[in-house]
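Here's the structure we're looking at; comments come further down.
Residue numbers (our numbering): 29 to 397.
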């Protein structure tokens with residue numbers, strides 16, 4: 029049996045479950061994205077683990093936890109829990125990522141769980157915990173925003189640096205943090221899943237977001253319906269500095285705003301294409317849409333999605349205008365053949381659309397699917 033690294037000694041019963049080989053002492057993580065595949069796996073008693081203070085998740089859904097426990101009872105813990113040595117309790121470990129698996133394993137009656145041990149600092153542990161949870165997409169938007177805020181306030185990250193670490197766009201980080209500007213009532217609805225981030229970003233533009241949020245929930249409004257409601261409450265622009273009586277004044281935020289629309293576009297593309305997508309606008313009105321893939325199989329899947337039965341979706345000056353009287357993002361009734369493929373064209377009946385227009389129309393088209 030190979031010797032255990034110094035970082036994991038201290039009294040707990042630990043068994044190495046990887047093939048026997050000399051195990052070097054774990055070095056501090058040099059990158060938050062280092063692969064766990066290269067790290068040795070140990071089994072440790074469940075009682076030797078405790079939640080870490082950097083856990084961004086506030087609530088654990090009981091139903092989902094029991095479902096995970098049933099799966100673990102049948103198949104075991106398939107992915108090791110990432111831990112670090114406990115600073116004050118030799119032989120014990122703080123969970124960096126995988127607290128749900130640990131809780132579910134105990135519910136399933138397991139006495140031991142597989143772990144990988146990393147000598148991570150507080151800063152690295154919080155970043156790793158947040159990164160893993162965000163990638164699993166089961167943090168609430170408010171939990172994610174609070175995690176981002178902690179990384180900025182406690183560990184000195186800028187928004188740009190945080191975006192790089194999390195492989196997100198700057199606009200995504202900015203718009204997620206803006207959710208924390210909402211009043212407590214709206215944040216609670218967002219945390220409970222009764223409002224989406226798209227609803228919340230629209231509500232940031234009114235002076236009394238809680239009042240509008242109650243209407244949205246009671247009437248079951250979509251994001252686009254909420255945006256129209258917000259626009260009606262704000263009313264048309266006042267002429268000559270007067271008018272607007274009886275209308276609610278919109279809060280001053282970046283125009284409509286392009287950053288929010290591009291963040292929505294980024295999220296929508298990521299969901300539809302099943303790949304991480306980054307949208308980076310340029311000052312001259314252009315920009316880049318970057319798709320991140322990890323294997324040839326993901327590229328093949330992307331191609332199938334782009335040229336599948338619905339054909340390619342086209343935007344831009346070459347798009348055929350939508351018939352007047354239809355919504356700006358509604359597809360024309362008959363696909364137009366272009367280069368032998370069916371292209372569904374979206375566009376206004378006049379000028380070529382702006383970048384923000386394209387983002388809004390594409391997201392609207394996805395909502396209508």
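Ideal placement from N, C-alpha and C gives every residue a C-beta, glycine not left out.
Nothing here was measured: the structure is a model prediction, and the numbers come from that model.
Bridge partners of residue i, per DSSP?
{"i": "residue 121", "result": "77 and 113"}
{"i": "residue 315", "result": "309"}
{"i": "residue 108", "result": "DSSP lists no partner for residue 108."}
{"i": "residue 94", "result": "The partner list for residue 94 (beta bridge, DSSP) is empty, contrary to what the question assumes."}
{"i": "residue 141", "result": "72"}
Going by the beta-carbon positions, is the gap between residue i and residue j smaller than 8 Å?
{"i": "residue 210", "j": "residue 169", "result": "no"}
{"i": "residue 151", "j": "residue 183", "result": "yes"}
{"i": "residue 156", "j": "residue 124", "result": "yes"}
{"i": "residue 79", "j": "residue 127", "result": "yes"}
{"i": "residue 176", "j": "residue 144", "result": "no"}
{"i": "residue 303", "j": "residue 320", "result": "yes"}
Would you kindly work out how many angstroms separate the C-alpha atoms of residue i and residue j, rounded to a whole number?
{"i": "residue 272", "j": "residue 240", "result": "At residue 272 the pLDDT is 48, less than 50, meaning the model places this residue with poor confidence; the figure from the coordinates comes in the next sentence. Roughly 19 Å separates the two Cα atoms."}
{"i": "residue 186", "j": "residue 305", "result": "21 Å"}
{"i": "residue 323", "j": "residue 315", "result": "25 Å"}
{"i": "residue 369", "j": "residue 251", "result": "In this predicted model, residue 369 has a pLDDT of only 36, less than 50, meaning its place in the structure is not dependable enough to derive any value."}
{"i": "residue 318", "j": "residue 138", "result": "43 Å"}
{"i": "residue 218", "j": "residue 189", "result": "26 Å"}
{"i": "residue 282", "j": "residue 229", "result": "With a pLDDT of only 40 at residue 282, under the threshold of 50, the placement of this residue in the model should not be trusted, and no figure is reported."}
{"i": "residue 114", "j": "residue 301", "result": "41 Å"}
{"i": "residue 133", "j": "residue 258", "result": "46 Å"}
{"i": "residue 109", "j": "residue 292", "result": "32 Å"}
{"i": "residue 90", "j": "residue 310", "result": "45 Å"}
{"i": "residue 149", "j": "residue 120", "result": "16 Å"}
{"i": "residue 100", "j": "residue 68", "result": "21 Å"}
{"i": "residue 329", "j": "residue 298", "result": "13 Å"}
{"i": "residue 171", "j": "residue 227", "result": "17 Å"}
{"i": "residue 75", "j": "residue 105", "result": "16 Å"}
{"i": "residue 247", "j": "residue 253", "result": "10 Å"}
{"i": "residue 255", "j": "residue 294", "result": "19 Å"}
{"i": "residue 242", "j": "residue 161", "result": "29 Å"}
{"i": "residue 180", "j": "residue 122", "result": "22 Å"}
If residue i sits next to residue j, beta carbons under 8 Å apart, how far is it from one beta carbon to the other, in whole angstroms?
{"i": "residue 77", "j": "residue 111", "result": "6 Å"}
{"i": "residue 307", "j": "residue 197", "result": "6 Å"}
{"i": "residue 107", "j": "residue 129", "result": "7 Å"}
{"i": "residue 232", "j": "residue 206", "result": "6 Å"}
{"i": "residue 178", "j": "residue 154", "result": "7 Å"}
{"i": "residue 71", "j": "residue 142", "result": "5 Å"}
{"i": "residue 194", "j": "residue 249", "result": "30 Å between Cβ atoms; not a contact."}
{"i": "residue 245", "j": "residue 261", "result": "Contact doesn't hold; Cβ gap of about 16 Å is too wide."}
{"i": "residue 135", "j": "residue 94", "result": "7 Å"}
Contact criterion: CB-CB distance below 8 Å. Does residue i meet it with respect to chain B?
{"i": "residue 220", "result": "Structure shown: chain B not included; a single protein chain is present."}
Within 10 Å of its beta-carbon, does residue i have 16 or more other beta-carbons around it, so buried, or fewer, so exposed?
{"i": "residue 327", "result": "exposed"}
{"i": "residue 235", "result": "exposed"}
{"i": "residue 103", "result": "exposed"}
{"i": "residue 199", "result": "buried"}
{"i": "residue 201", "result": "buried"}
{"i": "residue 81", "result": "exposed"}
{"i": "residue 331", "result": "exposed"}
{"i": "residue 296", "result": "buried"}
{"i": "residue 191", "result": "buried"}
{"i": "residue 325", "result": "exposed"}
{"i": "residue 116", "result": "exposed"}
{"i": "residue 92", "result": "exposed"}
{"i": "residue 174", "result": "buried"}
{"i": "residue 220", "result": "exposed"}
{"i": "residue 213", "result": "exposed"}
{"i": "residue 98", "result": "exposed"}
{"i": "residue 344", "result": "Note that residue 344 scores a pLDDT of 41, beneath 50, so its modelled location is shaky; the value from the coordinates is reported in the next line. Its Cβ having fewer than 16 others within 10 Å, residue 344 is exposed."}
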